[in-house]
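Student: One structure coming up, written as structure tokens, with questions to follow.
Protein chains: 2
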Amino acid sequence: MRRVQERALDLFEAYGYAQVSVEAIAEAAGVGPATIYRNFGGKERIVLWDEYDPLLFAGLADALADAPPLAAIQRALGRALAELYARDRERIIRRARIVEANPELRQASAANQEALRAGLAEVLLKAGAARDPLEAAVFGGAIASTLEAAALAWLADGGASPLSRHLAMAFRRLTRLCAGG
Amino acid sequence: MRRVQERALDLFEAYGYAQVSVEAIAEAAGVGPATIYRNFGGKERIVLWDEYDPLLFAGLADALADAPPLAAIQRALGRALAELYARDRERIIRRARIVEANPELRQASAANQEALRAGLAEVLLKAGAARDPLEAAVFGGAIASTLEAAALAWLADGGASPLSRHLAMAFRRLTRLCAGG
DNA sequence: CGACCATGTGATAGTCACTATCATATGAGA
DNA sequence: TCTCATATGATAGTGACTATCACATGGTCG
Chain L
3 MRRVQERALD
13 LFEAYGYAQV
23 SVEAIAEAAG
33 VGPATIYRNF
43 GGKERIVLWD
53 EYDPLLFAGL
63 ADALADAPPL
73 AAIQRALGRA
83 LAELYARDRE
93 RIIRRARIVE
103 ANPELRQASA
113 ANQEALRAGL
123 AEVLLKAGAA
133 RDPLEAAVFG
143 GAIASTLEAA
153 ALAWLADGGA
163 SPLSRHLAMA
173 FRRLTRLCAG
183 G
Chain R
3 MRRVQERALD
13 LFEAYGYAQV
23 SVEAIAEAAG
33 VGPATIYRNF
43 GGKERIVLWD
53 EYDPLLFAGL
63 ADALADAPPL
73 AAIQRALGRA
83 LAELYARDRE
93 RIIRRARIVE
103 ANPELRQASA
113 ANQEALRAGL
123 AEVLLKAGAA
133 RDPLEAAVFG
143 GAIASTLEAA
153 ALAWLADGGA
163 SPLSRHLAMA
173 FRRLTRLCAG
183 G
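If you read the protein sequences in the order shown, they are chains L and R. When the letters of the first sequence are read in order and numbered with the numbering used here, they come out as residues 3 to 183. When the letters of the second sequence are read in order and numbered with the numbering used here, they come out as residues 3 to 183.
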């Protein structure tokens, strides 16, 4: 399915997301349209599909055990992002550019972001870093937003400086918020 | 168009969102399908359509002038939400239940949430409550998430206690985040 | 080796959201 | 009354998505 995604990205970049039908992608990749729907679930997810979320959560629970939550989260996320940065930088940027240029995809991407919020909230609650579900939701939401802001800033400069630098800057802003802004 | 939305909510509650076609809604409301698409833009927005966002932003810029950002925002949003609570409580709950029960709508709703983030960021930046775009994005994201968490908690108890109470609780959690969790 | 079963694939047909376009009705202003 | 602008309805078309079918593959038994 990696091949299908590659072909699709090529076509989307060349002709625009809306102008490329799933059927055309199927033909370009040498598979049937039904196969694409079976594996990805929908046109949007051909672009959005990745395997990063588990990687983000890996080590998060451990890190929460021996440091104040905000610092622990920043360190764990920073490490995970550094790995992605090293491994898949080009592909992430390609996909992000297509998403950015297309309202339909931005909407689907926002849903992913929601899922990340919920996932962080769950981890925080289970690790005892949040005392109740409301606190978990607030913490998870704030952290996911910070992560997203860092990612957008990273994309805005074309991925020049490492993601972890942007993440550190974003977290510094977050700590200022409660201090009175 | 209010009538169209009412009819649509009736049908969605009775048969389920996916089971009701736009054509059926059009017929039930005594209009043509084209009219619905013209006014709402898509099936999802028949449910999500409202006029609340400007109300949320009203007075926000003013409040930011004479108080620390977090307190000012909490007060301004609290006032706006109290008004909605008094005016449209039933309809908001109806719509939220339909959204909650339907992945397709949750996705579209997440996109709305994104827009709220961006809107808050813009206000904060213009009012000088954020010193740079990254800070504005982080603040706006954190606050929008807090607002959403409060709204979900409010819905979870069926709208029994006022939204402003949940909002106050959520903001208290947010201030704890930077203090070390 | 051949029979059996499971999973993944291709192909067909059908539904429905959404778009584009045209003719018509309604309502305001000269 | 004539005119123009805007809103509506109707029609036809595209394409995403969902069945459901038959077929190929690959592994496990007898």
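In this text, a Cβ means the ideal position worked out from N, Cα and C, and glycines have one as well. If you're wondering where the values come from, they're calculated on a predicted model, not measured in any experiment.
#1: Among Ile100(R), Arg119(R), Asp134(R), which has the Cα closest to the Cα of Lys238(R)?
#2: Applying the 10 Å Cβ sphere with the 16-neighbour rule, what's the burial state of Glu137(R)?
#3: Examine chain L for any beta-carbon lying closer than 8 Å to the beta-carbon of Phe141(R), and answer yes or no.
#4: Specify the secondary structure class of Ser111(R) as computed by DSSP and reduced to three states.
#5: Can you tell me the Cβ-Cβ gap for Val33(L) and Val6(L), rounded? I've got them flagged as a contact below 8 Å.
#6: How would you label Gln109(L), buried or exposed, when you count the other beta carbons within 10 angstroms and need 16 or more for buried?
#7: If the cut is a Cβ gap below 8 Å, which residues of chain L does Leu154(R) touch?
#8: Against Gln109(R), what residues of chain L qualify as contacts under a CB-to-CB distance less than 7 Å, listed in chain order?
#9: Pick out whichever of Pro135(R), Phe42(R), Phe173(R), Leu126(R) has its Cα sitting closest to the Cα of Ala153(R).
#10: Does Ser163(R) pass the burial test, meaning 16 or more other C-beta atoms within 10 Å, or should it be called exposed?
#11: Where Gln76(L) and Ala132(L) are concerned, what is the direct C-alpha to C-alpha distance, given to the nearest angstrom?
#12: Which chain L residues are close to Glu150(R), counting only those with a beta carbon under 7 Å from its beta carbon?
#13: Per DSSP, what kind of secondary structure is Gly130(R) in: helix, strand or coil?
#14: Runs of 4 residues minimum, wholly inside the segment 64–117 of chain L: which ones carry the alpha helix (DSSP H) assignment?
#15: Specify, as a first and last residue, the run of the alpha helix (DSSP H) that Trp156(L) falls within.
#16: Taking all protein chains shown into account, do 16 or more other C-beta atoms lie within 10 angstroms of the C-beta of Tyr19(L), making it buried, or fewer, making it exposed?
#17: Considering only their Cβ atoms, is the gap separating Ile38(R) from Ala30(R) smaller than 8 Å?
#18: Once the 5 residues before and after Ala74(R) are set aside, which same chain residues still bring their CB inside 7 Å of it?
#19: Could you spell out the range, first to last residue, of the alpha helix (DSSP H) harbouring Asp1(L)?
#20: Ordered along the chain, which non-local residues of its own chain (more than five positions away) have a Cβ less than 6 Å from that of Ala82(L)?
#21: Rounded to the nearest angstrom, how far is the Cβ of Val125(R) from that of Leu62(R), given a contact under 8 Å?
#22: Within 10 angstroms of its Cβ, does Ala88(R) collect 16 or more other Cβ (buried), or is it exposed?
#23: Can you list, in chain order, the residues of its chain whose CB lies under 6 Å from that of Pro35(R), leaving out five sequence neighbours each side?
#24: Which word fits Gly43(R), buried or exposed, when buried means at least 16 other C-beta atoms lie within 10 angstroms of its C-beta?
#25: Please say whether Asp55(R) and Gly121(R) have beta carbons closer to each other than 8 Å?
#26: If you measure from the beta carbon of Ala181(L) to each beta carbon in chain R, is any gap under 8 Å?
#27: Quick one: is Arg4(L) buried, meaning 16 or more other Cβ sit within 10 Å of its Cβ, or exposed?
#28: Starting from Gln7(L), follow the alpha helix (DSSP H) in both directions and report where the run begins and ends.
#29: What is the rounded straight-line gap between the Cα of Thr177(L) and the Cα of Leu127(R)?
#30: Need the endpoints of the alpha helix (DSSP H) that Val22(L) sits in, please.
#31: Among Ala78(R), Ala84(R), Arg97(R), Gly80(R), whose alpha-carbon lies nearest the alpha-carbon of Glu8(R)?
Tutor: Put simply:
#1: Missing from the structure shown is residue 238(R); chain R here goes from 3 to 183 and no further.
#2: buried
#3: yes
#4: helix
#5: 7 Å
#6: buried
#7: Ala139
#8: Gln109, Ala110, Ala113
#9: Phe173(R)
#10: exposed
#11: 16 Å
#12: Gly143
#13: coil
#14: 71–102
#15: 135–158
#16: buried
#17: no
#18: Ala65, Leu66
#19: Residue numbering for chain L in the displayed model covers 3 to 183; residue 1(L) lies beyond these limits and cannot be assessed.
#20: Leu57, Leu58
#21: 5 Å
#22: exposed
#23: Val24, Glu25, Ala28
#24: exposed
#25: yes
#26: yes
#27: exposed
#28: 4–17
#29: 17 Å
#30: Per DSSP, Val22(L) belongs to no alpha helix (DSSP H) and is neither H nor E.
#31: Arg97(R)
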